[in-house]
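Visitor: Top line first, the protein sequences correspond to chains A and B. If you're matching positions, the first sequence starts at 0 in numbering that gives the first Met the number 0 and goes up one per residue. If you're matching positions, the second sequence starts at 0 in numbering that gives the first Met the number 0 and goes up one per residue. Don't be surprised by glycine CBs; every beta carbon is placed ideally from N, CA and C. The structure that follows is given in the form of structure tokens.
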Amino acid sequence: MIADGAPALACEGVHKTFPGGVEALAGLDLAIPEGSFFGLLGPNGAGKTTLIRSVVGLTRPDAGAIRVFGRRAWGEGATAARRAIGYAPQEVALDRFVPVRESLTLHGRYFGMSRADARHRADEMLMAFDLSAKADDYAHHLSGGMRRRLLLARALLHRPRLVILDEPTAGVDLELRYDLWAYIRSLHADGSTILLTTHYIEEAEALCERVAFIRGGRIVADGPPSDLRERFGAARLEDVYLQLVGR
Amino acid sequence: MTTAPLAAPRWRGLAALAEREVLRVLRLWTQTIVPPVVAAVLFIVVFGVALGNSIRVIDGFPYEQFIVPGLVLMGVATSAFGNNATSIYQARNDGFIEDPASSPMGPTQLLLGYLAGGVARSLLIGGLTLAAARIFVDYPVEDPLVLAAALIGTSLAFSALGAVVGLHSTGWEQQNVVGNLVIQPLVFLGGVFYSIEALSQPWRALTHADPIFYMVVAARHGTLGSSEVPVALSLGITLGLAAAMLIWAWVTFIRGVGIRT
């Protein structure tokens, strides 16, 4: 069971140092309330992707605790935590040996759905992301934009309560970006908690209710965009960002 | 969403991953199934049927009969290893291993799911090689249970080893090194084509140190009913090696080697 009333994501004192001594997370604390649309911003190497990979179970933190709806993301309870997360990684990594519909169905089954439920949901996602005509094609035959849509469809397939999108609009054209924005907004309106990382500050400003700036593996500022602008005396969120990264 | 107890998602995930791995083998059958079966049949035709007249009898069996179990086992061992080393490394290299790795599945389910492809492929190759060999050679199956245990044990051992190598590899060349410079020589020096009785020291002692020798001997016992060492020893080493390799692969998945940073 997922604990009611717990934050969608709670990180306490999370540390991660990679072999070679690179400290990616330096005692990071973060709480994302359920139902919020949260943006995580920071320069390259700030720790965004390491944090996300730690939440989804792909990077093992050295210390600290990560909880998803009150359940630990590592060790006991991880099954419930991982079922609650939908993750679209920054890199488009899709199974080249199975066609699109089957790729989605397999994902749903990896995450514990029955075969019939996963198939039904795959067809829903294909329709929602305008990929039905490509259902029997292989992912490596799709265009870049279609692959990006497929990645998002896959992340949402098992109906996760926390959707983590790592730079979902990187490298996509403007039309697709607006399509993706519309879909992500509708997801949020349906009650999903969204954690979005992006390099496009205007994207965070347009979509997110709260944003956090990460630098040197720590959260250095956190709040609604309007509060942050006021706190830093800035006209735009971009100016807050530039102040925080020391420009 | 269909509700399921918390243990169920992991096993549903395992079923899906195992299915994916087996389907990959079947869809790529011209690369995964046909070549090793054709290679084994060619060995039988060239070494057994064509050149067998110069050797005639070995350990009391016509040469073409003598080599069949070893060739079957050779196909099982090399395809089990190659399948898992390739499939896992490809999934890591392309990044799509992160999908099952970030799912509720634990190390046990990931291991079993990936083993399924290697085991299915190698046993299919073993079965097809046995069937194809029948066209050219009339051989008995004296002890089907021992033959099955030898082939399954070999399949598990090399599938697990392939998984370990697939997880540790940082490039395709490392798999080729293990496959071509370690496994292939051990297979060829494991008594597939000759009887250990024909060897002088130190070759006889060296062959006794080759674990694949015991696998070949167990398969030969199951097929021809003849064994160069007691069947309990050959089968014990085969199954013991399978258990050791499975534990090694399981620990490798638990440590997250090649999957989790």
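#1: Report back the beta-carbon spacing between A77 of chain A and G56 of chain A to the nearest angstrom; my notes put them in contact at under 8 angstroms.
#2: Name the residue from B:V36, B:T153, B:S199 whose alpha carbon lies nearest to the alpha carbon of G117 of chain B.
#3: Below 8 angstroms between beta carbons: does that hold for Y199 of chain A and A154 of chain A?
#4: If I follow the unbroken alpha helix (DSSP H) through K47 of chain A, where does it start and stop?
#5: Mind checking who V21 of chain A pairs with in its DSSP beta bridge?
#6: Is R214 of chain A helix, strand or coil by DSSP?
#7: In whole angstroms, what is the alpha-carbon distance linking Y48 of chain B and L238 of chain B?
#8: In angstroms, rounded to a whole number, what distance separates the CA positions of G178 of chain B and L223 of chain B?
#9: Does R55 of chain B get closer than 8 angstroms to chain A when you measure Cβ to Cβ?
#10: Where does the unbroken beta strand (DSSP E) through T192 of chain A begin, and where does it stop?
#11: So, using beta-carbon positions, are G41 of chain A and L27 of chain A closer together than 8 angstroms?
#12: Name, please, each residue of chain A whose Cβ falls closer than 9 angstroms to the Cβ of L16 of chain B.
#13: What does a CB cutoff of less than 8 angstroms around R251 of chain A pick up in its chain, not counting 5 residues either side in sequence?
#14: List, from N- to C-terminal side, the beta strand (DSSP E) runs of 3 residues or more that fit wholly inside the region 149 to 202 of chain A.
#15: Count the other C-beta atoms from every protein chain shown that fall within 10 angstroms of the C-beta of K133 of chain A, then say buried if there are 16 or more, exposed otherwise.
#16: By the DSSP assignment, the alpha helix (DSSP H) with L166 of chain B in it spans what residues?
#17: From A63 of chain A to A23 of chain A, what does the alpha carbon distance come to, in whole angstroms?
#18: Starting from Y86 of chain A and walking both ways along the beta strand (DSSP E), at which residues does that stretch end?
#19: At a CB-CB cut-off below 7 angstroms, which residues of chain B make contact with L93 of chain A?
#20: Anyone know if the C-beta pair for G221 of chain B and T206 of chain B falls short of 8 angstroms?
#21: Output the boundary residues of the beta strand (DSSP E) element that contains L39 of chain A.
#22: In angstroms, rounded to a whole number, what distance separates the CA positions of R184 of chain A and G81 of chain B?
#23: Leaving out the 5 sequence neighbours to the left and right, which residues in its chain are closer than 6 angstroms to R176 of chain A when beta-carbon positions are compared?
#24: With a cut-off of 8 angstroms on the beta carbons, I'd call A115 of chain B and A17 of chain B a contact; round off their distance for me.
Guide: The structure says:
#1: The C-beta distance from A77 of chain A to G56 of chain A rounds to 7 angstroms, short enough to fall under 8 angstroms.
#2: Closest option to G117 of chain B, Cα to Cα, is B:T153.
#3: Contact flag unset, no.
#4: 47 to 55
#5: Looking at the DSSP assignment, V21 of chain A forms a beta bridge with A:F17.
#6: strand
#7: According to the sequence displayed, residue 48 of chain B carries Val and not Tyr. If I take the Cα positions, the gap works out to 32 angstroms.
#8: 28 angstroms
#9: no
#10: 192 to 196
#11: no
#12: L105, R108, Y109
#13: This structure gives no information on residue 251 of chain A, because the portion of chain A shown stretches from 0 to 246.
#14: 161 to 165, 192 to 196
#15: buried
#16: 143 to 167 is the span of the alpha helix (DSSP H), which, as asked, contains L166 of chain B.
#17: The identity of residue 63 of chain A in the sequence shown is Gly, whereas the question assumes Ala. When rounded, the distance between both Cα atoms is 13 angstroms.
#18: 84 to 87
#19: F95
#20: no
#21: 36 to 40
#22: 46 angstroms
#23: T168
#24: 4 angstroms
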